[in-house]
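Numbers given in this note's numbering equal positions in the sequence shown, counted from 1, plus 101.
Every residue, glycine too, gets a C-beta built ideally from N, C-alpha and C.
Please read these numbers as outputs of a predicted model, since none were measured by experiment.
What follows is one structure encoded as structure tokens, with my remarks underneath.
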Amino acid sequence: MSSATSKSTLSESVSLELAELDKSAWIAVVRYLIALNTCGSNAFLLYLFARYRNIRVLQCNRLIALNAFTDFMIATPFTGFMAANQITILGLAADRLWAVYRPLEYSRSSNNNTFVWIVVTLSLFVAFALIFISIYPVDNVTLIRQCSLGVATSSNFLNIWTVYAEVTALLVFAIYTGILVLFFRYSSSLTPQVFASNPPTGVAYVQAKRQQKIQKRITVSVFTLLSMYGICWALPTLLLFIFNTIGSVDLAQTSYITYVQAFLGAWNAGLYLYIYLFRHDEIRSCAKRCILDLFCNKINLSGTINRVGIKPSSAQTVTPAGCTQ
């Protein structure tokens with residue numbers, strides 16, 4: 102009896118400590134800085150997709166745009182989009198598995214939006230379902246409407262969220278492992294089907310080689326994204342899973358883990374733009390053009406900036422490779 106009483110007292114103490122911590126000025130500053138970076142970086146990424154049509158061609162890039170939207174929403178009060186983000190990450194992982202395993206088939210079906218719409222539908226469904234569960238009185242508890250999951254969750258919400266997070270994380274890393282195996286297996290050669298039916302100088306061989314090169318470059322950027330996802334999201338989820346498995350769960354552990362996980366998830370959501378700028382050729386070239394257009398108006402081949410009033414008749418606008426409006 103005394104043990105149960107002490108646990109209850111500890112739970113109340115932890116809730117009060119986290120509630121006070123959440124109200125502190127420095128936590129508010131950190132939260133707003135993270136939100137500003139996440140909103141700004143993902144808004145810029147979405148602007149690039151809206152402005153330049155060439156980066157909307159590949160199915161993977163359309164999924165990246167969807168992921169940017171869910172990341173943008175994570176920085177808003179609608180934290181249910183953290184669940185939608187798990188679906189978009191899962192869709193990206195499945196897309197990369199298909200692209201690495203069958204690059205030619207993937208390139209032929211890149212204009213097919215069926216898979217993208219499936220991911221969109223599932224993402225919106227789980228986002229609004231989680232928002233409904235967190236806002237409406239599913240549990241008979243006093244609701245706390247704030248960002249940090251550890252303080253605000255009720256028992257049913259926490260159980261549903263934990264199961265959902267564990268299942269999606271396991272699926273992502275099962276697919277991620279498959280991508281790694283195929284990526285290293287085919288890193289020095291094309292798929293066996295292409296080698297068996299085409300000579301090294303054939304047209305199909307050249308096309309397959311080109312498509313594989315494109316898909317590998319995109320896959321490297323998605324690898325980096327999934328690695329950050331693993332550190333910031335899957336690792337805390339794994340800790341929760343371990344605590345649930347060994348049966349030593351208490352509010353002190355889950356509250357602190359989910360509190361840190363909420364901040365890490367929002368921080369990670371603002372990093373993807375920088376990953377793409379370093380690793381994704383198409384997004385990087387379009388970002389360069391956007392910045393040049395914004396700050397320099399137009400730069401011609403002779404190096405003259407039009408905004409100073411000098412416009413030679415021979416001037417031509419420089420467009421970075423792979424970037425089309």
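Query raised in the report: DSSP on Ser125, reduced to helix/strand/coil?
Result: As a position in the sequence shown, residue 125 is number 24, starting the count at 1. The three-state reading of DSSP puts Ser125 in coil, since its state is none of H, G, I, E or B.
Query raised in the report: What are the uninterrupted segments assigned as alpha helix (DSSP H) that are 4 or more residues long and contained completely in the region 160-242, given in chain order?
Result: Those alpha helix (DSSP H) runs which fall completely within the region 160-242 and span 4+ residues are 160-175, 182-202, 204-209 and 215-236.
Query raised in the report: Beta carbon of Leu451, beta carbon of Cys391: below 9 Å?
Result: Lying outside 102 to 426, the shown extent of the chain, residue 451 is not represented and no answer is given.
**Report entry** Residue from Ile343, Val221, Leu271 and Ile175 whose Cα sits closest to the Cα of Val331
**Finding:** Looking up residue 331 in the sequence shown gives position 230. The question names Val, but residue 331 in the sequence shown is Gly. Of Ile343, Val221, Leu271 and Ile175, the residue nearest in Cα terms is Leu271.
Query - Segment limits, alpha helix (DSSP H) that includes Leu378 - result: Here residue 378 refers to the residue found at position 277 of the sequence shown. Per DSSP, Leu378 is one residue of the alpha helix (DSSP H) stretching across Tyr373 to Arg380.
**Report entry** Ala335 versus Ile188: straight-line alpha-carbon distance, rounded
**Finding:** Locating residue 335 in the sequence shown gives position 234, where the first residue counts as 1. Locating residue 188 in the sequence shown gives position 87, where the first residue counts as 1. The C-alpha of Ala335 lies about 14 Å from the C-alpha of Ile188.
Query raised in the report: Between Leu374 and Ser142, which are expected to be in contact by the criterion C-beta below 8 Å, what is the C-beta distance as a whole number of angstroms?
Result: In the sequence shown, counting from the first residue as 1, residue 374 sits at position 273. In the sequence shown, counting from the first residue as 1, residue 142 sits at position 41. Yes, Leu374 and Ser142 are in contact; Cβ-Cβ is about 4 Å, under 8 Å.
Requested in this report: Could you tell me the distance, in whole angstroms, from the CA atom of Cys140 to the CA atom of Asp123?
Outcome: Taking the sequence shown and counting its residues from 1, the one referred to as residue 140 is at position 39. Taking the sequence shown and counting its residues from 1, the one referred to as residue 123 is at position 22. Taking the straight line from one Cα to the other gives about 21 Å.
Query - Closest Cα partner of Thr263 within the set Phe344, Arg197, Trp199 and Arg318 - result: Within the sequence shown, the letter at position 162 stands for residue 263. Distance from the Cα of Thr263 is smallest, within the candidate group Phe344, Arg197, Trp199 and Arg318, for Phe344.
Query raised in the report: Roughly how many angstroms lie between the CA atoms of Thr325 and His381, to the nearest whole one?
Result: The residue labelled residue 325 in the question sits at position 224 within the sequence shown. The residue labelled residue 381 in the question sits at position 280 within the sequence shown. The straight-line gap separating the alpha-carbon atoms of Thr325 and His381 is approximately 11 Å.
Query raised in the report: Is Asn369 near the ligand SAH, with its Cβ less than 8 Å from a heavy atom?
Result: For the structure depicted, the ligand SAH is absent and the ligand set is empty, with no information on it obtainable.
Requested in this report: Check the C-beta distance from Ala228 over to Phe182 and give it rounded, since I have them as a contact under 8 Å.
Outcome: The residue labelled residue 228 in the question sits at position 127 within the sequence shown. The residue labelled residue 182 in the question sits at position 81 within the sequence shown. The Cβ separation is near 5 Å, so the contact holds.
**Report entry** Sub-9 Å separation of Ala185 and Phe216 beta-carbons
**Finding:** Looking up residue 185 in the sequence shown gives position 84. Looking up residue 216 in the sequence shown gives position 115. Ala185 is not a Cβ neighbour of Phe216, given a cutoff of 9 Å.
Report task. Verify whether the separation of the beta carbon atoms of Leu372 and Met329 is less than 9 Å. Result -> Working through the sequence shown from its first residue, we reach residue 372 at position 271. Working through the sequence shown from its first residue, we reach residue 329 at position 228. With contacts defined as CB atoms closer than 9 Å, Leu372 and Met329 qualify as a contacting pair.
Requested in this report: Answer yes or no: do Arg163 and Arg154 have a C-beta to C-beta separation smaller than 9 Å?
Outcome: Indexing the sequence shown from 1 puts residue 163 at position 62. Indexing the sequence shown from 1 puts residue 154 at position 53. Arg154 sits away from Arg163, with the two beta carbons spaced by 9 Å or more.
Query raised in the report: Shortest alpha-carbon distance to Arg52 belongs to which of Pro204, Ile261 and Leu147?
Result: Outside the displayed range of the chain (102 to 426) lies residue 52, so it cannot be described from this structure.
**Report entry** Cα-Cα separation, Ile219 to Tyr133
**Finding:** To locate residue 219, count along the sequence shown from 1; it is residue 118. To locate residue 133, count along the sequence shown from 1; it is residue 32. Each residue's Cα considered, the two are about 33 Å apart.
Query raised in the report: So is Phe170 buried or exposed if we call it buried at 16+ other beta carbons inside 10 Å?
Result: To locate residue 170, count along the sequence shown from 1; it is residue 69. Burial call: buried.
Requested in this report: Look at Leu147 and Phe173 and say whether their C-beta atoms are less than 9 Å apart.
Outcome: Here residue 147 refers to the residue found at position 46 of the sequence shown. Here residue 173 refers to the residue found at position 72 of the sequence shown. Yes. Within cutoff.
Query raised in the report: Would a C-beta distance cut-off of 9 Å place Ala275 and Leu341 closer than the cut-off?
Result: Here residue 275 corresponds to residue number 174 of the sequence shown, with the count starting at 1. Here residue 341 corresponds to residue number 240 of the sequence shown, with the count starting at 1. Against a cut-off of 9 Å, the Cβ pair of Leu341 and Ala275 comes out as no contact.
Query - Cα-Cα separation between Trp127 and Glu121, rounded to whole angstroms - result: For the purposes of this step, residue 127 is identified with residue 26 of the sequence shown, where counting begins at 1. For the purposes of this step, residue 121 is identified with residue 20 of the sequence shown, where counting begins at 1. For Trp127 and Glu121, the distance between alpha carbons rounds to 12 Å.
Query raised in the report: Run through DSSP, which three-state label would Ser403 get?
Result: Position 302 of the sequence shown, counted from the start, is the residue given in the question as residue 403. Note that Ser403 has pLDDT 43, beneath the 50 cutoff, so the model's placement of it is unreliable and the number below is only indicative. Here Ser403 sits in coil by DSSP.
Requested in this report: Mind reading off the beta-carbon distance from Arg283 to Tyr202? Whole number of angstroms is fine, and I expect it under 8 Å.
Outcome: To locate residue 283, count along the sequence shown from 1; it is residue 182. To locate residue 202, count along the sequence shown from 1; it is residue 101. Contrary to the premise, residue 283 reads as Leu rather than Arg in this sequence. Under the criterion of beta carbons closer than 8 Å, Leu283 and Tyr202 qualify as touching, at roughly 5 Å.
Query raised in the report: How is Val158 classed by DSSP in three states: helix, strand or coil?
Result: Here residue 158 is taken as the residue at index 57 of the sequence shown, counted from 1. Three-state result, Val158: coil.
Query raised in the report: Among residues of its own chain, excluding the 5 on either side of Glu118, which ones have a beta-carbon nearer than 6 Å to its beta-carbon?
Result: Translated into the one-based positions of the sequence shown, residue 118 becomes position 17. Answer for Glu118: no residue qualifies.
Report task. Would you tell me roughly how many angstroms separate the C-alpha atoms of Val323 and Ser386, rounded to the nearest one? Result -> Your numbering for residue 323 matches position 222 in the sequence shown. Your numbering for residue 386 matches position 285 in the sequence shown. Near 17 Å, if we compare the C-alpha coordinates of Ser386 and Val323.
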